[in-house]
Amino acid sequence: MLPSRLWRRSPAADQRVAADPEPAPATAACGVPFDGLVTFYSSFHALRAESLLLRAGHAARLIPGPRDISPHCGTALQFRYEQNEAVAALLAIRRVQIEAIHHFRLGRLAEEFG
Amino acid sequence: MLDCLERIGGSPGRSGHRMAVAAARVVAETRVALGELFNIDDPSRIVLTKNVTEALNQALYGLVGQGDRVITTAIEHNSVMRPLRHLEQKGAEISVVPGSPDGALDLESLALALERPARLLVLTHASNVIGNVLPVAEVACLAHAQGIPVLLDAAQTAGAWPVDVQALGVDMLAFTGHKALFGPTGTGGLWLREGLELEPLVRGGTGSNSELELQPDFLPDQLESGTLNVVGIAGLGAGVSHVLACGVGTIRDHEGCLGARFLDGLRQVPRARPLGPQDAAARVGLASFNLDGVSPSDVGLILDRRFGIMCRIGLHCAPAAHQALGTYPVGTVRFSWSAFTTEGEIDAAIEALATIARG
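Here it is, written out as C-alpha cells:
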C-alpha cells in the first residue's frame, strides 16, 4: 500500500474523478451485436468517423483496434454491417480516410464482457 | 482543462480504452473547431504544434532546402527571420521585400522579387509591431501567378481578424493558440493544403502504423510525433469554441472600437508619437508608440509599478520592422487589447500615459 502522504486527493476532486468518461453502449441496439468494423490509419479519422456516424443516426462504438484485423491504428469503429454502404458513402463524402471496412464480430469473450 | 486533467488523462491514439478515446476526442474536436474557424475542408491537414514558432519552423525546414529561394518581408517576426537566416547559412537564398516607414508592404518591390523563381513566399498577416494588416489575398494572387506557394503567419490575426484560407488563397497557415484564440501557452498549429508535402521536423511514436519503423506518410500523424499536449489542446478547443460562438466579426468590431478609442486618446497625450496607420479599421488590436523624452523601458516600468498596466516594450522580436519604422534599436511601447478588454481599461491606460507624459 502506498504511504498516504504521497497521494492525497481532496474529496471534491475524488468525486469529479469518479465521473469517468462514459463508455459507449456495447451493442448496436436491443442487444444486437455490432458486426461491422471500420479500421483507420490515424486515430483522428476514427474519431471523426464516430462523430459523423452518431450524428447521422447510426449506432457506432470505438474499440481498441483488433490486431488480427489491422495493425495500423490503435482505434477502430464498430457499426452494423447492414448499413455498410451508407456508412462507406458518408465517410467518403466527409473525406474521412479509412483503411478498410470489415464484416467482423468480436470474439465470444470480448462480445460478452466488452 | 481541469476536466481534462482530472477525468480524461489518457494518451490520444495510443489505446482504445475510454480515457484514451476521450483524450483523442478532445484533440479531434479542437481540430474540427479550428477547421471551421479557418474554413478548412479537411481538418486532418491541421497539425497541432506547441506554438506558431514551431509551426513556422516545420513549414520552413520541411519545404526549403539548399539552393531554394524564399521571399519574405521586412516586417516579419524572428520566428520567421531566424529560421530563414539559418537556412541561408545552409545554402538557401533569402529575398526580403522592404517595408515602408508607415509599416506598409512595398508591392512594387514584391512584384520585382516575384519575377525570379522561388520555393516559397512567407509573410505575416499583420505586423506584430504596429498591427497593420497586409493585403494577403492580393499578395497570394501575385505569388500564385508565378507558381510560388504562400505560407501565412497568422499569429496576430487568428481569432481576431477573418482568416479564411480559401478566401486568402494561402497554401499554409501557421497560428498560435495563446493569443486571440484564447488557448493556453504551448498550443498552436499549422495547416497545409492538399498536395503539399513537408519533411517532418520530428519523428517518433504516433500511435499509428506501429508495426513500421518508418514515419507514417499521412496527416496529421506524419507531423505530430510524440504525445500531444492534450490539456493545452482542450483549452485551445474551448477558446476556439468561444471565438466561434462570439463570431470573429463581433470580436473584430469590438477591437476596432477599442482601437479607435485608444488612438483618439493617444492623440491627446502630450509628446506621444504613434506609429503606423492611424485608422483603427486597418489594424488588429495593438498599437505602438513612443513618448518623446521618455524611454520605452521607463514607460513600461512606470506603467507596471505605478498603474498596474502591463505592456510590451522594445523590439518585439522584429528588428527589421523597427529599422523600417526608424525606431531601431530603442524600440517602442506596444499596447494590445482583446475581446475581453473594456473601454474603461483603454481610458485608464490613456490617463496613465498622460500622467507619465506630463511627468
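Here the protein sequences come in this chain order: E and G.
Read left to right, the first sequence gives residues 1 to 114 (my numbering).
Read left to right, the second sequence gives residues 1001 to 1359 (my numbering).
Ideal placement from N, C-alpha and C gives every residue a C-beta, glycine not left out.
Residues are counted here when their Cβ sits less than 9 Å from a Cβ of chain G; for the segment 36-66 of chain E these are 40, 41, 42, 43, 44, 45, 46, 47, 48, 50, 51, 62, 63, 64 and 65, given in chain order.
Annotation: Cβ neighbours of residue 1012 (chain G) in chain E (cutoff 7 Å, chain order): 43. Residue 26 (chain E) is positioned such that its CB atom lies closer than 8 Å to that of residue 114 (chain E).
Annotation: residue 64 (chain E) is outside any alpha helix (DSSP H); the continuous beta strand (DSSP E) that includes it extends over 60-64. Here the segment 44-61 of chain E makes contact with the segment 84-101 of chain E; the two share three or more CB pairs at distances below 8 Å. With a cut-off of 8 Å on Cβ pairs, the segment 1083-1103 of chain G is not in contact with the segment 1205-1219 of chain G, counting fewer than three such pairs. A direct Cα-to-Cα measurement between residue 1110 (chain G) and residue 1097 (chain G) gives close to 6 Å. Residue pairing of residue 1314 (chain G) in beta bridges, as defined by DSSP: G:1332.
Under the Cβ distance rule, residue 1188 (chain G) does not count among the residues neighbouring chain E, no pair being separated by less than 8 Å.
When C-alpha distances from residue 1030 (chain G) are compared across G:1015, G:1073, G:1349 and G:1047, the shortest belongs to G:1047.
Residue 1027 (chain G) has its alpha-carbon roughly 12 Å from the corresponding atom of residue 1049 (chain G). Under the Cβ distance rule, residue 1025 (chain G) counts among the residues neighbouring chain E, one pair being separated by less than 8 Å.
Around the beta carbon of residue 1149 (chain G), 16 or more other beta carbons sit within 10 angstroms, so the residue counts as buried. With respect to chain E, the C-beta atom of residue 1017 (chain G) has a partner C-beta closer than 8 Å. Taking the Cα positions, residue 1166 (chain G) is about 8 Å away from residue 1040 (chain G). Nearest in C-alpha terms to residue 1003 (chain G), of all of G:1284, G:1271, G:1300 and G:1235, is G:1235. When the beta-carbon positions are compared, residue 1072 (chain G) and residue 1122 (chain G) come within less than 8 Å of each other. For residue 78 (chain E), not one C-beta of chain G is nearer than 8 Å to its own C-beta. Flagged as an interface residue toward chain G: residue 75 (chain E), by a C-beta distance shorter than 8 Å. For the pair residue 1017 (chain G) and residue 1011 (chain G), the Cα-to-Cα distance works out to about 10 Å. In summary, residue 1154 (chain G) is buried, with 16 or more beta-carbon neighbours lying within 10 Å of its beta-carbon over all protein chains present. By the 16-neighbour rule on beta-carbons within 10 angstroms, residue 1311 (chain G) is buried. Judged by DSSP in its simplified three-state form, residue 1003 (chain G) adopts helix. The beta carbon of residue 1045 (chain G) sits closer than 8 Å to the beta carbons of 1191, 1192, 1193, 1194, 1219 and 1220 from its chain, once the five residues preceding and following it are set aside; these are given in chain order. Contact fails between the segment 1316-1324 of chain G and the segment 1236-1249 of chain G, because fewer than three Cβ pairs, one in each stretch, are under 8 Å apart. Taking all protein chains in view, the Cβ of residue 1296 (chain G) is crowded by 16 or more other Cβ atoms within 10 Å, so the residue is classified as buried. From the beta-carbon of residue 102 (chain E), no residue of chain G is found nearer than 8 Å; the closest lies around 15 Å away.
Chain G places a beta carbon closer than 8 Å to that of residue 95 (chain E), counting this residue as a contact.
The straight-line gap separating the alpha-carbon atoms of residue 1202 (chain G) and residue 1276 (chain G) is approximately 39 Å.
In terms of Cβ geometry, residue 103 (chain E) and residue 81 (chain E) form a close pair [threshold 8 Å]. Look at residue 1211 (chain G) here: in three-state DSSP terms it is coil, with no helix or strand label. Against chain E, the beta carbon of residue 1200 (chain G) has no neighbour under 7 Å; the closest one sits roughly 14 Å away.
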